[in-house]
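Numbering (the working numbering), first residue to last: 425 to 527.
The beta carbon of each residue, even a glycine, is placed where N, CA and C say it ideally should be.
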Amino acid sequence: MNDKVEQALVTTLRNWKSMLGAENAEAEEVANGFEASFYLFIDAVREWFQELDQRPQTLDEFLELSVIKDIIDRLPGPLYLNFETEAELIVENRHRIDDEKYD
425 MNDKVEQALV
435 TTLRNWKSML
445 GAENAEAEEV
455 ANGFEASFYL
465 FIDAVREWFQ
475 ELDQRPQTLD
485 EFLELSVIKD
495 IIDRLPGPLY
505 LNFETEAELI
515 VENRHRIDDE
525 KYD
C-alpha cells in the first residue's frame, strides 16, 4: 500500500477509536478531528488512484483492487458506507462540495 494512504488510514482509524471513547466535553473536538482525518485519507486515496497506470472504470472494479480490499478489511463497518460513497466519486473523477460532507 502507498505510504501516504497507509499513514492516512492509520490516523483515521486511531481518530475513529478516540471518537468512540470521547466524553461529552471533548466529543465535538474529537469528532471534528476524525472528520478531518477521514477526508485527508480520502484525498490520499484519490491521489494514489490518479497515479495508477490503468484506472478502474467502475466502482466494482475499484473495490476489487487488492489495496482497496485491504482498506475495506480494516475499516469499521460504519465507515465502509462513507468510504464506498467517496470511492464512487473518485472513480467518477468528481469531488464532494464541503457542505455535502457527512455531519
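Distances from the CA of V434 to each of A511, A451, T509, I496 were compared; the closest alpha carbon is that of I496. Across the set P480, A432, E459, the C-alpha of P480 shows the shortest separation from the C-alpha of E516. Taking C-alpha positions only, A446 is separated from A468 by approximately 26 Å. At a Cβ-Cβ threshold of 8 Å, L483 and A449 do not count as neighbours. N506: member of the alpha helix (DSSP H) spanning 501-515, first to last residue. Ranked by how close their Cα comes to the Cα of N439, the residues D477, V454, Q431, L503 have V454 in first place. Around the beta-carbon of I492, 16 or more other beta-carbon atoms lie within 10 Å, marking it buried. A direct Cα-to-Cα measurement between I466 and T436 gives close to 10 Å.
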